[in-house]
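Mapping the sequence shown onto our numbering, position 220 (from 1) lands on 215, and the numbers just tick up by one.
Think of the CB as a built atom: it goes at the ideal place given N, C-alpha and C, for glycine as much as any other residue.
Just so it is clear, the structure is predicted and the values come from calculations on it, not from any experiment.
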Amino acid sequence: MEHISESEYAHPLHPRLIDPNSTRRLHVAMWTPLPPAPSGISDYAVALSRALIPHVDLTIYSAADADLSLFMGLPITVLSYQDYNPISSRQADVHIYHMGNSAHFHTEIYRQLLREPGIVVLHDLALFGFYLFNLYHQGSRQQFLEELAYHHGSRAAKGAGRYISSDFSSWLDLPMNRRVVEASLATIVHSRYGQESLLAKYPQAAVYSVQHGAHVLDGGSRMGVRRTYGWQDNQFVVGVFGEISPHKRIHVLLEALPRLLMVNPESGLLLAGRDGPNPNYPTKIRNMLRDRKIRNSVSYVPNPSTPQLEQFIQAVDVVVNLRWPTTGEMSGIMLRAFGAGKPVIGSDVPQWRELPESFCWRVPVGDGEVSALVERLTYAAEHPTETRRAGDAARRFVIDHATWEIAASRYLAVIESVVAQKRG
């Protein structure tokens, strides 16, 4: 693994500004989706909260159906959005808002972050879809155009038609994140690319890059899972995990798989994930899985639980995690794979280019994508020692830069900086 110094990778944050002799713990109110909401942000918030609780008092606001058992035995208060009380909420030193592109999961969070500014965690750089579904598709077309003009000017609003009618491949051109960033006391993103993009547009904003966290997994469930699916220890197995949606480009892998099997016929594929909101795409994928060229080499597990997902990741040799279009997001599945000691083949998108190529292998989107994927998979299958070495580098990266404890310490630095500024 190539050396990554703190100055090259870890993003400097403000030093602690709270009185170190103070015995009062800071009180943080966090607004976020939680499981069972089918959102990677839900899982992120659970892991982050558990890592933060040794350092702060924490109240979480979420949907009424949030799974409270996830925090059993922990000193965390979980309330529904409807339980929010503006008077009692003032007891919080700062609010943290997990903001994403889904109107379904983030509308209440968005309203609150405008009412009571705090720290916004911008999981998706582009919020075009959030406004599109909240306004345009709800009949408020003129309001959507006015909102678009606020973010990007009247010329953008006049040309909005081609963005509205297309898939979200062009949403990064009109990210519509101005209102959220300008309303925030600080903004956290998960990549230098995201940080630099926001600072280029909003140079006066306080924007921090905090690497997405991950658990370090030891691979103990590898052979148990392999026995379940009839795989040998030395058999090359590829994993694809997470939501089955068009932008995950699972169809590209299934197009590449027959060519891999021609040169490495014992290879296997494990696909484990939940259906995305587009009902046609999971149907397309399941139809592709029935192809006689690949059907005997594929195992498909719908709706795996989080423990199952972690076991599956530990059982494979390489994780394929393609992405296009993108809203500038980091990938929780990718970081889980790194923590499990697995190299990842991902798309060549800006936010992933800053990850080390020794274990984050990238393929182009579009022309040459299938061939590049076949080449990378074939090499990994034929060079198992190098593949394992890449996985070891991935796990070391997480240990050095991306455990949830490291992520929590960087959040704490931002929290303390914002609280100190609020206190003047």
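Nearest-angstrom Cα distance between residue i and residue j?
i: LEU249; j: PHE236; result: 14 Å
i: ASN273; j: ARG19; result: 48 Å
i: MET329; j: LEU284; result: 23 Å
i: GLY215; j: ILE308; result: 11 Å
i: TRP438; j: HIS242; result: In the structure displayed, the chain extends from -4 to 419; residue 438 sits before or after that span and is not available.
i: ASP228; j: GLU377; result: 15 Å
i: ALA267; j: ILE280; result: 12 Å
i: PHE231; j: ASN129; result: 45 Å
i: TYR482; j: VAL313; result: Examination of residue 482 is not possible in this model, given that the chain is present from -4 through 419 alone.
i: GLY271; j: GLY419; result: 46 Å
i: ALA397; j: GLY134; result: 42 Å
i: ALA46; j: GLU400; result: 6 Å
i: SER192; j: THR380; result: 38 Å
i: GLU1; j: PRO351; result: Because GLU1 carries a pLDDT of 34, less than 50, the predicted location of this residue cannot be relied on, and no value is offered for it.
i: ILE55; j: SER34; result: 16 Å
i: HIS22; j: ARG85; result: 10 Å
i: LEU407; j: ILE48; result: 11 Å
i: TYR4; j: HIS146; result: At TYR4 the pLDDT is 41, less than 50, meaning the model places this residue with poor confidence and gives no usable figure here.
i: PRO253; j: ARG290; result: 10 Å
i: GLU349; j: MET257; result: 33 Å
i: PRO10; j: ALA42; result: In this predicted model, PRO10 has a pLDDT of only 38, less than 50, meaning its place in the structure is not dependable; the value taken from the coordinates is given anyway. Spanning the two alpha carbons is a distance of roughly 24 Å.
i: VAL116; j: ARG371; result: 34 Å
Taking the continuous alpha helix (DSSP H) assigned at residue i, which residues delimit it?
i: ILE445; result: Outside the shown range of the chain, which is -4 to 419, sits residue 445, and nothing can be said about it.
i: TRP399; result: 399 to 418
i: TYR131; result: Note, TYR131: premise wrong, no alpha helix (DSSP H); not H, not E.
i: SER75; result: From DSSP, SER75 is part of no alpha helix (DSSP H) but of the beta strand (DSSP E) over 71 to 75.
i: TYR203; result: Taken as a continuous stretch (DSSP letters only), TYR203 belongs to no alpha helix (DSSP H), being part of the beta strand (DSSP E) at 202 to 204.
Taking the alpha carbon of residue i as the point to measure from, which residue in the options has its own alpha carbon closest?
i: ILE36; options: LEU372, PRO320, HIS99; result: HIS99
i: PRO423; options: GLU349, ILE239, SER353; result: Since the first residue shown for the chain is -4 and the last is 419, residue 423 is missing from the structure and cannot be characterised.
i: LEU74; options: ILE82, ARG269, ALA61, LEU65; result: ALA61
i: LEU109; options: LEU180, MET67, ALA151; result: LEU180
i: ILE71; options: ASN80, HIS50, ARG85; result: HIS50
i: GLU177; options: ALA152, ILE159, GLU111, GLY134; result: GLU111
i: ARG173; options: ARG244, ALA200, GLN303; result: ALA200
i: VAL234; options: VAL311, TYR131, GLU364; result: It is Gly, not Val, that sits at residue 234 in the sequence shown. That would be VAL311, whose Cα lies nearest to the Cα of GLY234.
i: ARG405; options: ARG418, ASP78, ILE114; result: ILE114
i: PRO31; options: SER83, ALA59, ALA46, PRO379; result: ALA59
i: PRO170; options: TYR188, LYS153, LEU143; result: LEU143
i: LYS417; options: VAL89, ARG290, LEU69, ARG331; result: VAL89
i: GLN303; options: ARG244, LEU372, VAL220, SER57; result: VAL220
i: HIS246; options: SER353, ASP395, ASP286; result: ASP286
i: GLN77; options: SER97, GLN107, MET67, HIS93; result: GLN107
i: ARG383; options: TYR131, ASP362, ALA42, PHE354; result: PHE354
i: SER160; options: LEU127, MET257, PRO345, ASP213; result: LEU127
i: GLY95; options: VAL409, THR321, ASP395, ALA402; result: THR321
Check for me: the beta strand (DSSP E) holding residue i runs from which residue to which?
i: ASP52; result: 52 to 57
i: TYR92; result: 89 to 94
i: LEU117; result: 114 to 117
i: HIS22; result: 22 to 26
i: VAL344; result: Element bounds for VAL344: n/a, residue is neither H nor E.
i: VAL358; result: 355 to 358
What I want to know is whether the C-beta of residue i ends up closer than 6 Å to one or more non-hydrogen atoms of the ligand FAD.
i: VAL232; result: In terms of ligand content, the structure shown is empty, and the ligand FAD therefore cannot be addressed.
Would you please verify whether the beta carbon of residue i is less than 7 Å from any beta carbon of chain E?
i: HIS378; result: Considering every chain present, this structure includes no chain E. It has just one protein chain.
Inside the segment 256 to 337 only - beta strand (DSSP E) runs reaching at least 3 residues: Scanning the segment 256 to 337 from its first residue to its last, the whole beta strand (DSSP E) runs of 3-plus residues come out as 263 to 268, 293 to 297, 313 to 316.
Contact between the segment 130 to 144 and the segment 207 to 225 (3+ Cβ pairs under 8 Å): Contact fails: fewer than three Cβ-Cβ distances are below 8 Å.
Validate contact between the segment 354 to 361 and the segment 325 to 341 using beta carbons, cut 8 Å, 3 pairs: These segments touch.
The segment 314 to 330 in contact with the segment 183 to 199 per 3-pair CB rule at 8 Å: Touching, yes.
Inside the segment 148 to 199 only - alpha helix (DSSP H) runs reaching at least 4 residues: Runs found: 149 to 153, 156 to 159, 173 to 178, 187 to 196.
Inter-stretch contact (C-beta, 8 Å, three-pair minimum) for the segment 262 to 273 and the segment 406 to 414: Fewer than three Cβ pairs drawn from the segment 262 to 273 and the segment 406 to 414 lie within less than 8 Å of each other, which leaves the two stretches out of contact.
Any 3 or more C-beta pairs closer than 8 Å across the segment 382 to 395 and the segment 329 to 337: Put simply, the segment 382 to 395 touches the segment 329 to 337. At least three CB pairs are less than 8 Å apart.
Segment contact, 8 Å Cβ cut-off, at least three pairs: the segment 112 to 129 with the segment 295 to 312: For the pair of segments examined, the segment 112 to 129 was found not to touch the segment 295 to 312: the number of CB pairs separated by less than 8 Å stays below three.
Sufficient close CB pairs (3 or more, under 8 Å) joining the segment 25 to 36 to the segment 94 to 114: Yes, they touch.
Runs of alpha helix (DSSP H) wholly within the segment 213 to 250 (minimum 4 residues, chain order): Unbroken alpha helix (DSSP H) runs of no fewer than 4 residues, entirely contained in the segment 213 to 250, are found at 217 to 223, following chain order.
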